[in-house]
Amino acid sequence: MVSTESDHQQILCAYGGSEPKESAGIDNHILVDAGTVIFREGERGSSAFLIERGEVEISVRRNGEDVSLAHRGPGEVFGEMAIIDDQPRSATVTASQPCQLLMITRDQLVNRIEQTDPVLRMCLRVILQRFRTTLLRVQAMDHVDLPLRNDRGLEPDRGAQQYDEAVREIKLEEEIRHALRQEDFALYYQPIIDLHARSLAGFESLIRWRHKHRGMIAPDVFIPTAEASGLIVPISHWVFEEACQALVRLDQDMASLCGAHQPIFMSINLSVRDFANLECVDIVRGILDRTGVAPERLKIEITESLLMHQPEVAATALSEFKTMNISIAIDDFGTGYSSLSYLHKFPIDTLKIDRSFIRTLEKGNDNYEIVGTIINMADRLKMKVVAEGVEYAEQADLLRDLGCLYGQGYHYAKPAPERDIIPWLQQAQTSQGPL
Ligand code: CMP
Ligand code: MG
């Protein structure tokens with residue numbers, strides 16, 4: 008990972024060594040006075056900057072003179088070129104007014120560029136190359152009297168919404184990075200019930216973010232940003248390790264509570280980005296070795312979109328997991344753009360029927376037919392089925408009638424921290440319990 012320190016250091020130096028007036032520490036705001044050189048032409052760069060307030064001047068030194076190329080103001084970005092193509096800074100940037108800048112790190116930019124589709128990536132490279140060639144040609148002339156780019160970029164009024172979204176994204180990413188360092192993530196566990204044996208079959212581990220100011224944050228708020236930035240890889244690594252350690256502890260707790268018991272499984276959600284990481288399978292192997300968890304106790308949950316959009320990436324990792332004896336479940340089944348053909352192309356063991364089908368499940372209605380059909384199909388393909396979002400005893404009864412093996416949902420338990428599991432189990436097994 009490339010450090011983002013150096014630009015920051017440079018600003019510090021330009022600042023005469025005094026502390027930069029960064030607001031709130033982790034959100035990457037930098038305040039600079041008028042006249043501060045933010046970076047110089049020819050230096051290596053490690054960040055781009057979004058101007059939130061103030062104005063900067065972009066200049067080059069030619070024949071011993073500073074030649075002004077352009078001014079940039081609120082809503083505009085500078086310093087992006089060196090980050091995208093790894094060349095030295097093409098110009099010097101000086102604050103012409105007091106500025107508030109938001110630092111965009113190389114990781115933030117490069118991760119996204121690497122992930123965009125190849126056509127867009129190629130176009131970006133060509134545009135940048137052309138811009139640099141023009142810049143060199145113009146700079147070779149005796150004098151430069153026209154700014155090369157005098158467009159005003161993304162003015163806040165024109166692109167206010169996009170601008171706000173981008174700023175939110177940049178800040179959120181920094182906060183996620185910080186949360187990882189501070190270990191502010193937690194795992195919650197939701198029981199998965201064997202509907203016929205009326206017993207606990209396993210757990211799904213679900214990540215939560217214990218945010219210092221905003222309280223508990225659900226994954227849908229931060230996982231998309233974690234995926235776009237690549238931070239999902241270290242997050243999933245942590246999740247995997249933590250879930251395996253919890254499984255070992257739960258085994259011990261359950262043994263002291265009810266003696267010998269059926270081995271329970273642990274479901275762990277992974278994302279497309281995890282699969283694209285070549286070390287993913289090795290990381291999992293390492294965790295199994297360290298924790299001593301048997302691979303057949305684990306289920307990896309993936310979404311249909313992974314199989315649809317990145318079939319080659321998925322196929323390699325999934326078959327390795329399968330060889331290791333780890334099960335594979337399709338999460339939220341029925342909501343993606345399903346092509347059923349993938350079901351027999353990949354080593355899938357379990358379908359998790361999306362909650363939207365269970366919510367309005369009633370004997371004989373459309374969802375009843377759909378759920379029944381999915382269960383029959385899974386049966387013929389030798390796959391197990393988990394019904395998600397079971398909220399009432401009646402839904403559990405209908406699912407049992409339809410031959411569904413497992414159920415998960417608020418009827419049994421909400422996702423809860425590890426310390427609540429044993430008390431839940433004790434209560435669940437009483438006559439008033441949901442089992
Ligand atoms: P980078 O090369 O990283 O550092 C200098 C920055 O100045 C560059 O990225 C662009 O953001 C900006 N820049 C370079 N040349 C011009 C120009 N001619 N007009 C406006 N901005 C420029
Ligand atoms: Mg899931």
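As numbered in the working numbering, residues 8 to 442 make up the sequence shown, in order. The beta-carbon is built from N, C-alpha and C at its ideal position, and this holds for glycine as well. These figures come from a predicted structure and were not determined experimentally.
Subject >> Spatial distance of L161 from C251 (CA atoms) >> reply: Caution is warranted here: a pLDDT of 47 is assigned to L161, below 50, making its placement in the model unreliable, and the coordinate value is therefore given only provisionally. Answer to the nearest angstrom: the Cα atoms are 46 Å apart.
**OP:** Within its chain, find whatever has a CB closer than 8 Å to the CB of Q94; leave out the 5 residues flanking it on each side and keep chain order.
**Re:** Closer than 8 Å at the Cβ level, and outside the excluded window around Q94, lie M88, R139.
**OP:** Helix, strand or coil for F85, going by three-state DSSP, please let me know.
**Re:** Strand.
Original post:
Using a Cβ-Cβ cut-off of 7 Å (strictly less than) and excluding sequence neighbours within five positions of A400, which residues of its own chain qualify?
Top reply: In the same chain as A400, and ignoring 5 residues on each side of it, the C-beta atoms closer than 7 Å to its own belong to H418, in chain order.
Original post:
In three-state DSSP terms, what is G52?
Top reply: In this structure, G52 counts as coil in the three-state DSSP scheme.
**OP:** Put P241 into one of helix, strand or coil per three-state DSSP.
**Re:** The answer is helix: DSSP assigns P241 an H, G or I state.
Original post:
Cβ of P198 less than 8 Å from any chain C Cβ?
Top reply: Given the protein chain composition of this structure (a single chain), no chain C is represented.
Subject >> Length at least 4, wholly inside the segment 167 to 213: the alpha helix (DSSP H) runs in chain order >> reply: Those alpha helix (DSSP H) runs which fall completely within the segment 167 to 213 and span 4+ residues are 167 to 189.
Subject >> First through last residue of the alpha helix (DSSP H) which encompasses N383 >> reply: Residue range 373 to 387 is occupied by the alpha helix (DSSP H) that includes N383.
**OP:** Decide if T310 is buried, meaning its Cβ has at least 16 other Cβ atoms within 10 Å, or exposed.
**Re:** Buried, because 16 or more other Cβ atoms sit within 10 Å of the Cβ of T310.
Original post:
Would you report the Cα separation of D201 and A423, rounded to the nearest angstrom?
Top reply: D201 and A423: Cα-Cα distance of roughly 19 Å.
**OP:** Output the distance between the C-alpha atoms of F247 and S54, rounded to the nearest integer angstrom.
**Re:** Roughly 31 Å separates the two Cα atoms.
**OP:** Quick one: grab the DSSP three-state call for S97.
**Re:** Three-state result, S97: coil.
Original post:
So, helix, strand or coil for Q107, using DSSP?
Top reply: Residue state, collapsed to three classes: strand.
**OP:** Determine the burial state of H244: buried for a count of at least 16 other Cβ atoms within 10 Å of its Cβ, exposed for fewer.
**Re:** It counts as buried.
Subject >> Residue closest to H316, alpha-carbon to alpha-carbon, out of F282, V300, H351, Y170 >> reply: Nearest C-alpha to H316: F282.
Original post:
Under a three-way DSSP split, which group does S263 fall into?
Top reply: DSSP places S263 in helix when its eight states are reduced to three.
Subject >> Nonlocal neighbours in the same chain, by C-beta distance under 6 Å from H218, ignoring five residues either side >> reply: When the five nearest sequence neighbours on each side are left out, the beta carbons in the same chain lying within less than 6 Å of the beta carbon of H218 are those of I224, in order along the chain.
Original post:
What's the C-alpha gap between I230 and N118?
Top reply: Distance between the alpha carbons of I230 and N118 is about 15 Å.
Subject >> F85 CB to nearest heavy atom of ligand 1 below 7 Å >> reply: For ligand 1, at least one heavy atom lies less than 7 Å from the Cβ of F85.
**OP:** Measure the alpha-carbon distance for P430 versus W216 and round it to whole angstroms.
**Re:** For P430 and W216, the distance between alpha carbons rounds to 23 Å.
Original post:
Quick one: is the Cβ of E327 within less than 7 Å of any heavy atom of ligand 2?
Top reply: Because no heavy atom of ligand 2 lies under 7 Å away, the Cβ of E327 does not count as near it: no.
**OP:** Keeping to the same chain, check which residues put their C-beta closer than 8 Å to that of M261; ignore five residues upstream and five downstream.
**Re:** Contacts found: H268, I271, I429, L432.
**OP:** Excluding the 5 residues preceding and the 5 following P441 in the sequence, name in chain order all residues of the same chain whose CB lies nearer than 7 Å to its CB.
**Re:** So the qualifying residues of the chain are H418, Y419, A435.
Subject >> Buried or exposed by the 16-neighbour rule on C-beta atoms within 10 Å, applied to P125 >> reply: Classification of P125: exposed, given that the 10 Å Cβ count is below 16.
**OP:** Determine the direct distance from the alpha carbon of D171 to that of R113, and round the result to whole angstroms.
**Re:** Roughly 20 Å separates the two Cα atoms.
**OP:** With ligand 2 as the reference, list in chain order each residue whose Cβ lies under 6 Å from any of its heavy atoms.
**Re:** In chain order, the qualifying residues are E211, N276, E308, D338.
**OP:** Using the Cα positions of A193 and E181, report the straight-line distance between them to the nearest angstrom.
**Re:** Our two residues, A193 and E181, have alpha carbons roughly 18 Å apart in a direct line.
Original post:
Which of helix, strand or coil does DSSP assign to F46?
Top reply: It is a strand residue.
Original post:
Can you check whether the CB of I183 is closer than 8 Å to the CB of A233?
Top reply: The answer is yes: Cβ separation under 8 Å.
**OP:** Work out the CA separation of V133 and V100 for me, nearest whole Å.
**Re:** Using only the alpha carbons, I get a separation of about 24 Å.
**OP:** Taking R119 as part of the alpha helix (DSSP H), name the residues at either end of that continuous run.
**Re:** Residue range 113 to 122 is occupied by the alpha helix (DSSP H) that includes R119.
Original post:
When the Cα atoms are used, what is the spatial distance from Q136 to D92?
Top reply: Their Cα atoms are separated by approximately 9 Å.
**OP:** For G32, count neighbouring C-beta atoms within 10 Å of its own C-beta (all shown protein chains included) and say buried if the count is 16 or more, exposed if not.
**Re:** The predicted position of G32 is uncertain, since its pLDDT is 47 and thus under 50; no value can be drawn from it.
Subject >> Paired residues, beta bridge with E64 - DSSP >> reply: Residue pairing by DSSP places E64 opposite H78, T101 in a beta bridge.
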